[in-house]
Structure formats: C-alpha cells, structure tokens
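Heads up, the sequence shown is in the numbering used here, so the first residue is 5 and it goes up one at a time. What follows is a single structure, written as structure tokens, with notes after it.
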Amino acid sequence: MTVNTKKILFADDHVIIRRGLKILLDNNFGKSNWFEVDRTIEVLQALETNEFTHVILDIQLLDNSILDIIADIRNNYPELPIMIYTMCNEDIYAPRMYNLGINGFLSKQCTEINTISAFNNFFKNQKYFSDYVLEKLICGEKTQKNPIQKLSEREFSVLQLLVKGLTIKEMCVLLNLKKTTVATYKARIMEKTGTDNIVDLVRLMDVYANT
Numbered sequence: 005m006t007v008n009t010k011k012i013l014f015a016d017d018h019v020i021i022r023r024g025l026k027i028l029l030d031n032n033f034g035k036s037n038w039f040e041v042d043r044t045i046e047v048l049q050a051l052e053t054n055e056f057t058h059v060i061l062d063i064q065l066l067d068n069s070i071l072d073i074i075a076d077i078r079n080n081y082p083e084l085p086i087m088i089y090t091m092c093n094e095d096i097y098a099p100r101m102y103n104l105g106i107n108g109f110l111s112k113q114c115t116e117i118n119t120i121s122a123f124n125n126f127f128k129n130q131k132y133f134s135d136y137v138l139e140k141l142i143c144g145e146k147t148q149k150n151p152i153q154k155l156s157e158r159e160f161s162v163l164q165l166l167v168k169g170l171t172i173k174e175m176c177v178l179l180n181l182k183k184t185t186v187a188t189y190k191a192r193i194m195e196k197t198g199t200d201n202i203v204d205l206v207r208l209m210d211v212y213a214n215t
C-alpha cells in the first residue's frame with residue numbers, strides 16, 4: 005500500500021450497494037483498499053485490528069443499528085473520518101450524527117454528481133451535510149422542536165424497533181437486554197416524546213421524517 009492509498013472500512017448490509025459505491029469511488033478518486041462488513045460486531049472487530057484512513061457506514065446493518073456503537077467509535081477513534089451513507093431519513097438522523105462529530109451524512113438517493121461531490125469533501129477531511137441539514141442546525145429549529153432529539157442513543161435504538169412493531173421479548177433478544185431494561189427504555193421514550201402508545205410514536209416519527 006502506497007502512502008497515499010486510502011484504506012476504507014465499508015459497512016453495509018447490501019452487497020450490491022458496496023460494490024456499486026466502490027466502483028464509483030475508485031473510478032473517480034483512484035484505487036483504494038476496501039474492507040467490507042455487514043454487521044456492527046464486524047465493524048468493531050475491524051477497527052480493532054486495522055488502521056483505516058476512512059470509514060463509510062450505513063445506519064442499519066444485519067445484526068443491529070450503528071446507533072448503538074457510533075458514539076463509542078467516535079470516542080475511541082476521534083480523528084478517523086466517518087461518512088454515514090444510508091437510506092434513513094436525514095431530518096431525523098443527520099443532526100444526531102453531526103452532534104456526535106461524524107464527518108458526513110449522505111443519502112443513497114443522491115445523484116451520482118452529488119455523491120462524488122460529497123466524497124470529494126470527505127476524502128479532503130472536510131465535512132459534508134446537505135444544505136437543508138446545515139440550515140436546520142444553524143437555525144436550531146429542528147433540534148429544539150423535535151422531541152426525538154431528546155432521546156439517548158440507546159433510547160433511539162429502542163424507538164426504531166418499537167415503531168417497526170417488535171415486541172419487548174424480540175427486542176430483548178436483538179439488543180441483548182433484560183425485559184425490565186427494555187421496558188424502562190420504552191417508558192422513558194414515552195415520557196420524553198409525550199406519547200403513551202405505539203401509534204402515536206409512529207405518527208411522531210412520520211411527522212419529523214417529512215417536515
């Protein structure tokens with residue numbers, strides 16, 4: 005590996021997405037060394053055993069959401085450039101990533117030109133967030149009004165599973181938590197969001213995903 009060669013960790017649960025982005029970026033920025041994974045546990049293992057120059061992460065992987073590990077990754081590797089590349093709604097997720105010190109947030113729905121532009125910033129160690137997200141962050145409107153932003157990372161992970169219709173028992177298995185712990189997180193979510201049932205939580209997510 006030459007001095008200038010990038011070593012990229014790419015975590016995404018769809019192999020076609022990984023292959024497509026790899027081809028696009030290699031064609032526009034030169035060949036890189038790629039390390040591909042599709043689970044959060046593999047992300048942590050790869051970071052422990054390799055020295056990457058850049059990391060690209062989807063939010064939802066096969067075993068779990070990166071929301072459970074992203075804060076620890078940033079704390080343990082504060083200088084490592086991290087780009088979130090996802091279909092998840094930027095209105096909800098991008099401000100959280102920005103506040104955690106993540107370098108960029110890019111939608112998979114972006115055009116090829118915008119994708120290349122975003123990664124041009126990323127590979128120059130510059131931040132990339134859409135103008136829409138930056139405007140909201142500067143104004144502070146979304147962060148102040150959106151009750152979802154009050155949730156901790158773990159509470160937000162539980163919220164995602166709740167709105168998907170998973171039972172507490174299913175969440176216990178997926179998150180490796182006790183039933184009482186999950187129930188406590190659920191109660192905190194209801195309290196912080198001012199809701200008292202799953203239907204209202206789903207509606208809340210819809211509101212702040214589309215405004």
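All C-beta atoms, glycine included, are put in the ideal place defined by N, C-alpha and C. Note that the structure is predicted; figures quoted are calculated from it, not measured.
**Report entry** Simplified DSSP state of Leu91, which is helix, strand or coil
**Finding:** Sequence check: residue 91 is Met here, not Leu. DSSP places Met91 in coil when its eight states are reduced to three.
**Report entry** Euclidean distance between Cα positions of Tyr89 and Thr185
**Finding:** 31 Å
Query raised in the report: Exposed or buried, Pro82, counting other C-beta atoms within 10 Å across all chains shown (16 or more means buried)?
Result: exposed
Query raised in the report: Is the distance from the Cβ of Ser69 to the Cβ of Met91 below 9 Å?
Result: no
Query - Cα-Cα separation between Asp204 and Glu157, rounded to whole angstroms - result: 20 Å
**Report entry** Close-in-space but distant-in-sequence residues of the same chain around Leu155 (CB under 7 Å, 5 per side omitted)
**Finding:** Leu163, Ile193, Lys196
**Report entry** Residue interval of the alpha helix (DSSP H) (run including Gly24)
**Finding:** 19 to 33
Query raised in the report: Between which two residues does the beta strand (DSSP E) carrying Leu13 extend?
Result: 11 to 15
Requested in this report: Give the DSSP-derived three-state secondary structure of Thr147 in the structure shown.
Outcome: Caution applies to Thr147, whose pLDDT of 48 falls short of 50 and renders its modelled position unreliable; the model cannot decide the point.
Query raised in the report: When you compare only the Cα positions, how much space is there between Ile45 and Asp67?
Result: 8 Å
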